[in-house]
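These notes concern the structure reproduced below.
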RNA sequence: GCCGCGUUCGUCUAGGGGUUAGGACGCCGGCCUUUCACGCCGGUAACACGGGUUCAAAUCCCGUACGCGGUACCA
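Residue numbers (our numbering): 110 to 610.
Take a look at the structure:
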């Protein structure tokens, strides 16, 4: 017992530093709620100068999803959440996959039996099913009616164990105890031990249950804080009892409120789908969201800095995060707000970063990529009206290709009988320009308008329509400048002919 | 059923015995402007309900309702 996986207390620098784990079960891809838990774990660890450990809790072999672990790792990476120790990275307390630590749990469970805090139970499933018809728990009132090492002779118990009959080890939950703990987010929580089952610690397949593995690993791996979802609150008293049985000091607990669907219910696969909310983290990548925006959005769902700042990058979050400012009420997912965050982060990108972001979706949209210099000009031209990386190819395709169609509503509204003539005259003007810049373009157009004794808008609107096919867009003269002299002339002349017919 | 957690504008939230209950998203209006955005200015809208305690309650206490979670050899 003393020589297995003992926590190393000798390095006191280590033992005072904060250690937090994110401990997902690889039964599916990492979803947005799981990511928020990971994020808060990360932010807390980083803000305290501590470490984040990724531990894979794969004790349920029947629900295991083969590539879930990879998905989890990739999701965290995409968001910039770095872990200090993990199955892939290794670390002082390896292995970090619970399936690889099986023998450890068994030994600890047996030590609990030896100390009288746990017992062997041989009841077949039907017996337990029967029990639950009349009693809520397998515990204080019922354990003495069952087949276990509390009710059977030692010889018989040994015989059963030796003949490899199925058995589980159950925790002996004490009577009349008020189990309490002080949650960093929820405050003091109390539960009567009466309400708690004699928890199964090791399953008949030899695997530990979540409760055992979790407690043993959190202890062995030196966790100082357990930060996890709300749904674990009812289990925490069981864990506290386990820590007590082992004679260990429990870590600090912090239970995060859940993320709800926009209608208030549970954010399930079905509800998310119906609301158009991507559920898996990597779906957000596929859809072209900025990881920083997703992180920012999630951080603000349940936490606030106490100031008016709301746009944060990860580093700022690390600096400002405080678990004391995490709210205790669940929060509803709001896609509109995420989109706003996305726009904020996208626009803050410098031009070089922006063109990198924008190239893949453009390619996907079948746009022939121009050279970087041109792409930069386009990005700077439209960046303030970009909400999403896809918007460039979606709404500003004319920056890359001559428009093939002209908005009929726009034509009706802006194309007058004299428009074709004016557009052609302006194209002549442009063709003859030595200086091709915004000022010259504007001055030339206004001159032309004056000559015809009309408002500048009479030319501006048809020109925009001719050059872009649409009535909305960036400043016309800036647009013309970016498009370039020959493109402008070509488009204007072509449009004058086509719209006329 | 039982146990636990929660409840401030539609949404995210600040505040936490005496506030015109503040901000953000969304929505609406205005300004800017050649358009559409951006930006700026303004508007809309909230303390779940009922009892206490108190000079005073959104804030503290107790109930009720509603929501969510747990009650597994799932995590």
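Idealized CB from N, CA, C, for every residue including glycine. Keep in mind the model is a prediction, meaning the values are calculated, not measured.
Any idea which residues DSSP pairs residue i with across the strands?
i: residue 338; result: 365
i: residue 412; result: 435
i: residue 289; result: 299
i: residue 441; result: 369
i: residue 280; result: 227
i: residue 309; result: 279
i: residue 317; result: 311
i: residue 128; result: 160
Got a sec: does the ligand PLP put a non-hydrogen atom nearer than 8 Å to the Cβ of residue i?
i: residue 380; result: This structure simply doesn't include the ligand PLP, nor any ligand for that matter.
So is residue i buried or exposed if we call it buried at 16+ other beta carbons inside 10 Å?
i: residue 257; result: buried
i: residue 118; result: Residue placement at residue 118 is poorly supported in this model, since its pLDDT is 38, which falls under 50; the coordinates still yield a value, given next. Residue 118 should be labelled exposed.
i: residue 233; result: exposed
i: residue 363; result: buried
i: residue 461; result: exposed
i: residue 577; result: buried
i: residue 304; result: exposed
i: residue 347; result: buried
i: residue 244; result: exposed
i: residue 473; result: exposed
i: residue 517; result: exposed
i: residue 337; result: buried
i: residue 125; result: exposed
i: residue 307; result: buried
i: residue 248; result: buried
i: residue 465; result: exposed
i: residue 583; result: buried
i: residue 207; result: buried
i: residue 130; result: buried
i: residue 282; result: buried
i: residue 340; result: exposed
i: residue 311; result: buried
i: residue 519; result: buried
i: residue 356; result: exposed
i: residue 556; result: exposed
i: residue 463; result: buried
Just verifying my parser: in three-state terms, what is the DSSP assignment at residue i?
i: residue 571; result: helix
i: residue 123; result: Residue confidence is low: residue 123 scores 45 on pLDDT, short of 50, so the model does not pin down where it sits. Its coordinate-derived value is still stated next. Reduced to three states, the DSSP call for residue 123 is helix.
i: residue 343; result: helix
i: residue 561; result: coil
i: residue 326; result: helix
i: residue 304; result: helix
i: residue 544; result: coil
i: residue 620; result: A question about residue 620 goes unanswered here, because the residues of the chain that appear run from 110 up to 610.
i: residue 294; result: coil
i: residue 596; result: helix
i: residue 418; result: coil
i: residue 358; result: coil
i: residue 586; result: helix
i: residue 610; result: coil
i: residue 549; result: helix
i: residue 566; result: helix
- Task: Ignoring anything shorter than 3 residues or poking outside the segment 130-210, list the beta strand (DSSP E) runs there in chain order.
- Result: If we require 3 residues or more, the beta strand (DSSP E) runs fully inside the segment 130-210 come out as 160-163.
- Query: Do the segment 470-487 and the segment 515-534 meet, that is, are 3 or more Cβ pairs less than 8 Å apart?
  - Reply: In short, these stretches do not touch, since the Cβ pair count stays below three.
- Looking at C-beta atoms only, is the number of pairs between the segment 441-458 and the segment 371-388 that lie closer than 8 Å three or more? Between the segment 441-458 and the segment 371-388, the count of C-beta pairs closer than 8 Å reaches three or more; the two stretches touch.
- Item | At least 3 beta-carbon pairs within less than 8 Å: the segment 593-603 vs the segment 534-547 | The segment 593-603 vs the segment 534-547: in contact.
- For the segment 370-405, which segments carrying the beta strand (DSSP E) assignment without a break, of at least 3 residues, lie completely within its bounds, in sequence order? Taken in chain order, the complete beta strand (DSSP E) segments of 3 or more residues contained in the segment 370-405 number zero; there are none.
- Please go through the segment 216-277 and give each complete beta strand (DSSP E) segment of 3 or more residues, from N-terminal end onward. If we require 3 residues or more, the beta strand (DSSP E) runs fully inside the segment 216-277 come out as 227-230.
- Task: Let me know the alpha helix (DSSP H) ranges lying completely inside the segment 446-529, each 4 residues or longer, listed in chain order.
- Result: Runs found: 460-473, 481-491, 500-504, 517-523.
- Task: Mind the definition here: the segment 402-413 touches the segment 506-513 only if three or more C-beta pairs lie below 8 Å; say whether that holds.
- Result: Contact fails: fewer than three Cβ-Cβ distances are below 8 Å.
- Item | Inter-stretch contact (C-beta, 8 Å, three-pair minimum) for the segment 354-361 and the segment 183-196 | No, because fewer than three Cβ pairs between the segment 354-361 and the segment 183-196 fall closer than 8 Å, the two stretches do not touch.
- Three CB pairs or more closer than 8 Å across the segment 330-345 and the segment 219-230: Counting C-beta pairs closer than 8 Å gives fewer than three between the segment 330-345 and the segment 219-230, which falls short of the contact rule.
- Say whether the segment 298-318 touches the segment 200-214, bearing in mind that this needs 3 or more beta-carbon pairs closer than 8 Å, one atom from each stretch. The segment 298-318, when compared against the segment 200-214, does touch it at the 8 Å Cβ threshold.
- At least 3 beta-carbon pairs within less than 8 Å: the segment 387-395 vs the segment 260-276: When Cβ pairs closer than 8 Å are counted between the two stretches, the segment 387-395 is seen not to touch the segment 260-276, the count staying below three.
- Task: Mind the definition here: the segment 497-505 touches the segment 449-468 only if three or more C-beta pairs lie below 8 Å; say whether that holds.
- Result: The segment 497-505 vs the segment 449-468: in contact.
- Query: Contact between the segment 135-143 and the segment 194-205: three or more CB pairs below 8 Å?
  - Reply: Touching, no, given that fewer than three Cβ pairs across the two stretches are closer than 8 Å.
- Message: Count Cβ pairs between the segment 348-358 and the segment 158-173 that sit closer than 8 Å; are there 3 or more?
- Response: Under the 8 Å Cβ criterion, the segment 348-358 does not count as touching the segment 158-173, having fewer than three qualifying pairs.
- Task: Check whether the segment 155-164 touches the segment 398-412, taking contact to mean three or more Cβ pairs, one atom from each stretch, closer than 8 Å.
- Result: Look at the beta carbons and you see the segment 155-164 not touching the segment 398-412: under three pairs across the two are nearer than 8 Å.
- Item | Contact the segment 587-596 vs the segment 540-547: 3+ CB pairs below 8 Å | Contact holds: three or more Cβ-Cβ distances are below 8 Å.
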